[in-house]
Structure formats: structure tokens, C-alpha cells
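> Add 83 to the 1-based position in the sequence shown for the working numbering, that's all there is to it.
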Amino acid sequence: MLMRTDPFRELDRLTQQLLGPGTWSKPSAMPMDAYREGDEYVVAFDLPGVTPEAIDIDVERNMLTVKAERRPVAKADDVQMELSERPLGAFSRQIVLADTLDTEHIKADYDAGVLTLRIPIAERAKPRKIAIGSESPPRQIRG
């Protein structure tokens, strides 16, 4: 799987923590892990506190886009917030997928605040044996 590399990602993450939550026009990045497991790639996104209805997954050509939004929980009028560290707002992540992945059969699961996408490897990209044929009959070598 091919992913865009961004040498400034850590700097962006720190800046976003200092400047506040993301908006739909400038969403915050969401942490993720990506790895190969057998004949599929697995991508896991951390989205704690996000409802499944607030997650949007799109694939256009080989660009996978995941968007999510975490809204504040409604509180009673007499509640006074003492500390608020959990980020709210919009989150987004884009990944460039290799042409060797089957984007037609992506499976998505959401459990315990983790969105897991399983992307199978296309049949044409799997290793296969090539038989060696012979065009002429075998010849005997005389010495």
C-alpha cells in the first residue's frame, strides 16, 4: 500500500493540539495504524467518542478518504466544565492506495472507538507460479 509521506505531520499534530479542534474546512488528522495481514491490508483509525453515523468513508479511484465528526455531548444547564481536553470537531485522513488493492471489496468495522478497514489484495497482484514450456523436442548430446 502506498501512502503519502509528510515530514511535517508531527509538527501539524502539535499545532492542532495548540490551536484547537478541526472544522470541516480544516479538519484535524486522526491517528492510524496500517499493516498487511495475509492477503489484505488493514488500516485502523482511532475515533473514540465518535458515533458510527458520524463517520464517512469514500474511495475515488485510488484515494481513500475517512471523515468523522465528534460533537459536544449535551449537558444540563447547571453543569460547569472544569477541564476539557478531549478534542471535538472534524477529523479527516486521506490515503493513496496502490493499484494492487481491490477497492471494490473494502470492509469497514467500528468497535470500541476504532474504525478498522480491511482492503483485499487484488487477484492480479498475488504471486503466482509461471510454468516453463518448451518449443522444441529435447535433443540428445553425443560425446
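Glycine residues also receive a C-beta, built at the ideal position from the N, C-alpha and C atoms. Predicted model, so just to flag it, every value in this text is computed and none were measured.
Are Val133 and Ala117 closer than 7 Å when you measure CB to CB?
For Val133 and Ala117, no; Cβs fall outside 7 Å.
> With DSSP as the reference, label Ala269 as helix, strand or coil.
Look at the range of the chain in this structure, 84 to 226, and you will see that residue 269 is not part of it.
> Note the first and the last residue of the continuous beta strand (DSSP E) segment covering Val125.
Where Val125 is concerned, the enclosing beta strand (DSSP E) stretches over Glu123 to Asp129.
> Let me know the secondary structure DSSP gives Thr148 once reduced to three states.
Strand, per DSSP.
> Which residue or residues does DSSP assign as beta-bridge partners of Met115?
Paired residues: Phe128.
> Which word fits Met113, buried or exposed, when buried means at least 16 other C-beta atoms lie within 10 angstroms of its C-beta?
Per the 10 Å Cβ criterion, buried.
> Given a cut-off of 7 Å on the beta-carbon distance, is the pair Pro203 and Asp185 in contact?
The answer is yes: Cβ separation under 7 Å.
> Would you say Phe174 and Ser217 are within 7 Å of each other, going by their C-beta atoms?
Cβ distance not < 7 Å, so Phe174 and Ser217 don't count as in contact.
> Smallest Cα separation from Gln193: which of Asp122, Pro135, Leu171 and Glu120?
Checking the sequence shown, residue 193 turns out to be Tyr, not Gln. Nearest C-alpha to Tyr193: Pro135.
> Output the distance between the C-alpha atoms of Arg176 and Gly196, rounded to the nearest integer angstrom.
The alpha-carbon atoms of Arg176 and Gly196 are separated by roughly 16 Å.
> Which same chain residues, not among the five before or five after Gln223, have their C-beta less than 6 Å away from its C-beta?
Closer than 6 Å at Cβ, skipping near neighbours: no residue.
> Pick helix, strand or coil for Pro203, following the three-state DSSP scheme.
Strand at Pro203.
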